[in-house]
Structures are given as structure tokens and as C-alpha cells.
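Have a look at the structure below before the remarks.
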Amino acid sequence: MLTAGRLRASPAGTGTRVLAILDGPDDPTLATTLLTGRVDGLVDRDDPDRDFVEAARAVLAGSGWVSPQLAPRMLATLRDGIDSAAGLTASATALTAREQDVARLMSSGLTNSEIARELQVAVSTVKFHVSNVLRKMGCRDRAQLIAALHRGALPAGGPR
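Next up, the structure:
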């Protein structure tokens, strides 16, 4: 079993099929889990056993699967991201180079501590940049920002 942190840290494209078990539709990792692109199926821990079996079969067969309990929240998260993506692209140009670096690393699902290690700065510095990014992009939380970033709100490229 992989934790969310280990999943984020694992290399993409390993061919491993992943079925994530979340803690309800309000699980704060829902959007991030979806947008890492490393999850093939989502089930809620309270789903009936038959849903776990159906999800496992679908994922092993190469298809995706989403719990009926999680689907409405997932769609709302995606709608929020789409609705705000156009405005966010313009806002992204107001970000400093370092804020863009932090935003890209956030979109990869990294925690503040992981971003600090990657950029070789203090965690408090990362928190400062995260706060600025959220404010400048008009996002209420990381999940909304990540949804927008995965829709191309920032120019392509990696950390400088």
C-alpha cells in the first residue's frame, strides 16, 4: 500500500496500476490525487464491497474507475478549475520566477517540506511563496490552484 506522499514521490510511467482509497468526498487529497496523473481508480473507504471489487477489476483491466460517492465532488473540483482557468492564466504572468517554480512543484503534489528541499530554501520561505501564489492567482486553496495549473495556467518549464 502506498501513502499519498510515497505515491507523489514515485516516478511516473512505471506501469503500476493504482487504486486510491479516500476518506470520503471531502478528503482534502481528492483533487491532488486526481491531478497527479498517477491514479487509475478512486474508491471511498465506505463504499460497498462490490464497488471495491468492480474498481479493482476495472483498474487491472486498464480502465479507470471512480466511486459514485466521490464523483460529484470530483466534478465540482474540475468545474471550479475550468471556470477559473482563463483568469488564472493572466494572473500567472504576475508571479515572480520563484513563485512560478513553487507553483509548478505544488502542481506535482509536493508538500512544502519537499519543495523546500528541492529549491534549497527554508520551509517558511516556501510558505511565504505559496501564500503569494494563492493570493495572486485568486485561489482559495491548493486544490483549486493545482486544478488550474494542470489546465495550463503557467508557461511550460521546470524550476529554474
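Here the sequence shown stands for residues 2 to 161, numbered as in this note's numbering.
Positions of the beta carbon are idealized from the N, C-alpha and C atoms, including for glycine.
Keep in mind that this is a model prediction, so the values were computed, not measured.
DSSP lists L20, W66 as the bridge partner or partners of G42.
In the structure shown, A95 adopts coil according to DSSP, grouped into three states. Boundaries of the alpha helix (DSSP H) harbouring S125: 124-138, taken from the DSSP string. Residue environment for Q121: exposed (fewer than 16 other C-beta atoms within 10 angstroms of its C-beta).
Taking M107 as reference, the option from S125, G139, L135 with the minimal CA-CA separation is L135. Taking C-beta atoms as the reference points, R46 and L76 fail to come closer than 9 Å. V127 places its beta carbon 9 Å or farther from that of R143. Scanning its chain for C-beta atoms nearer than 7 Å, with the 5 sequence neighbours on each side dropped, one finds around D52 the residues V44, S68, in chain order. Looking at the backbone, the Cα of T97 and that of L111 are separated by about 19 Å.
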